[in-house]
Ligand code: DAH
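Residue numbers (this note's numbering): 9 to 358.
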């Protein structure tokens with residue numbers, strides 16, 4: 009039996025030495041040390057011996073087991089390390105390779121215009137406020153001096169929810185009402201409110217059922233139309249350059265008296281006349297006026313003490329003028345080629 013142990017030991021040693029990879033060595037381990045392996049046979053044999061023999065053979069068997077286990081362990085460690093090194097070698101990162109470019113989006117052009125106006129007006133003490141897109145008829149129309157049945161409502165037909173009293177706001181002007189109600193007829197107000205607005209218009213090159221307005225409101229004592237003119241002039245020059253000239257034309261809005269349309273000089277033809285300005289030399293950019301006394305009263309401000317001016321820009325319109333875009337649908341069609349072009353297209357006065 010001792011001879012058998014010796015030859016088994018030599019046999020296993022040679023097999024371990026000749027094993028050429030981790031898989032092979034593990035297979036050999038199963039063959040010799042597994043349940044049905046030769047080592048187990050020897051252990052089974054041990055059980056058949058008497059006590060004296062058991063002592064002697066048990067010792068030999070233990071030594072064999074220890075030695076063989078150690079040999080297996082060394083070889084397995086060796087190959088495991090080798091495999092790991094090979095893997096690391098393969099996975100090496102070549103930092104000299106050119107990086108994969110991550111495509112960046114470009115800022116929304118409407119958002120850019122809104123931020124430009126916000127940046128300017130905040131330096132003039134205006135707060136940027138928000139209002140709900142689902143609005144009460146009362147705020148969108150009634151308190152703005154547009155009672156039910158008023159003909160001026162026709163131009164602002166919108167989408168109604170839950171009957172007649174809730175609607176998608178057709179203008180950002182209801183935020184004037186909300187802000188004045190918060191002021192409780194006591195506090196001066198300077199606010200702008202950019203936001204989405206909705207109308208039941210058929211979409212075409214100049215109309216969209218959803219668009220963006222930038223509302224502005226100032227309420228204080230001793231406010232006059234010339235304050236509005238100065239403010240508007242400042243905004244126009246900020247957006248379109250110092251050469252930009254401005255003018256007011258009389259107009260009508262139920263919530264302002266007097267009401268005006270505000271024009272900027274055409275930045276393409278410098279007033280000479282072109283197809284953008286329809287040969288007038290001027291482009292209309294907003295509606296504005298002095299807050300109507302009824303509106304002030306509706307919100308608790310005494311018109312004998314308080315006056316105010318308000319304006320409402322169409323953000324898409326500003327963007328179309330500034331970037332030479334001739335179709336409002338461009339903003340909503342998510343054509344990347346168009347959208348990425350905006351950065352390059354800016355047209356400004358000198
Ligand atoms: N809300 C008006 C519209 O959508 C625009 C407007 C006109 C806003 C005059 C104003 C204003 O604040 O004073 O047509």
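Each residue gets a CB set at the ideal place from its N, CA and C atoms; glycine is no exception.
Here the structure is a predicted model, which is why all the values come from computation and not from measurement.
At least three beta-carbon pairs within less than 8 Å, the stretch 292–303 to the stretch 94–103: By the Cβ test, the stretch 292–303 is not in contact with the stretch 94–103, since fewer than three Cβ pairs between them sit closer than 8 Å.
Regarding residue 172 and ligand 1, is the C-beta to nearest heavy atom distance less than 7 Å? Incorrect: residue 172 has no Cβ contact closer than 7 Å to ligand 1.
At a threshold of 7 Å, does residue 297 count as lining ligand 1 (C-beta to nearest heavy atom)? Yes.
So, for residue 76: in the same chain, excluding its five sequence neighbours on each side, which residues have a beta-carbon less than 6 Å away from its beta-carbon? Counting only residues of its own chain and dropping the five nearest sequence neighbours on each side, residue 76 has a CB closer than 6 Å to the CB of 20.
Taking DSSP's pairing of strands, which residues face residue 144 in a bridge? Paired residues: 174.
Any non-hydrogen atom of ligand 1 within 7 Å of residue 318 CB: Indeed, a heavy atom of ligand 1 lies less than 7 Å from the Cβ.
Under 8 Å: do the stretch 174–185 and the stretch 248–260 share three or more Cβ pairs, one atom per stretch? The stretch 174–185 is not in contact with the stretch 248–260.
Go ahead and label residue 10 buried or exposed: buried means 16 or more other beta carbons lie within 10 angstroms of its beta carbon, across all protein chains shown. Exposed, since its Cβ has fewer than 16 Cβ neighbours within 10 Å.
Closer than 7 Å to a non-hydrogen atom of ligand 1 - does that hold for the CB of residue 263? Relative to ligand 1, residue 263 has its C-beta within less than 7 Å of a heavy atom.
With a Cβ-Cβ cutoff of 8 Å, do residue 144 and residue 308 count as a contact? No, these two residues do not count as a Cβ contact at 8 Å.
Considering just the uninterrupted stretch of the beta strand (DSSP E) at residue 318, what are its terminal residues? The continuous beta strand (DSSP E) containing residue 318 extends over residues 315–322.
What does the Cβ neighbour count give for residue 8, buried or exposed, with the cut at 16 atoms within 10 Å? Any question about residue 8 goes unanswered here, given that the chain covers just 9 to 358.
Does any C-beta atom of chain D lie closer than 8 Å to the C-beta of residue 166? Here there is only one protein chain, and chain D is not present.
Using the three-state DSSP reduction, which class does residue 295 fall into: helix, strand or coil? Under the three-state reduction of DSSP, residue 295 is assigned to strand.
Taking the C-alpha atoms as reference points, what is the distance between residue 90 and residue 107? Spanning the two alpha carbons is a distance of roughly 31 Å.
7 Å Cβ shell around residue 26 - same chain, five flanking residues per side excluded: Excluding residues within five positions, none has a Cβ falling inside 7 Å.
Note down the Cα distance separating residue 217 from residue 96, rounded to an integer number of angstroms. Approximately 59 Å between the Cα atoms of the pair.
Between which two residues does the alpha helix (DSSP H) holding residue 186 run? Annotation for residue 186: the continuous alpha helix (DSSP H) segment containing it runs 182–191.
Euclidean distance between Cα positions of residue 50 and residue 105: Roughly 59 Å separates the two Cα atoms.
Could you tell me if the beta carbon of residue 195 falls within a distance shorter than 7 Å of some heavy atom in ligand 1? Incorrect: residue 195 has no Cβ contact closer than 7 Å to ligand 1.
Residues in the same chain with beta-carbon distance under 7 Å from residue 313, minus the five sequence neighbours each way, listed in chain order, please. For residue 313, where only same-chain residues beyond five positions count, the Cβ hits under 7 Å are 229.
Using a Cβ-Cβ cutoff of less than 7 Å, which residues in the same chain neighbour residue 338 once the five nearest sequence positions on both sides are dropped? For residue 338, same chain residues with a beta-carbon under 7 Å away, outside a window of 5 residues either side, are 346 in chain order.
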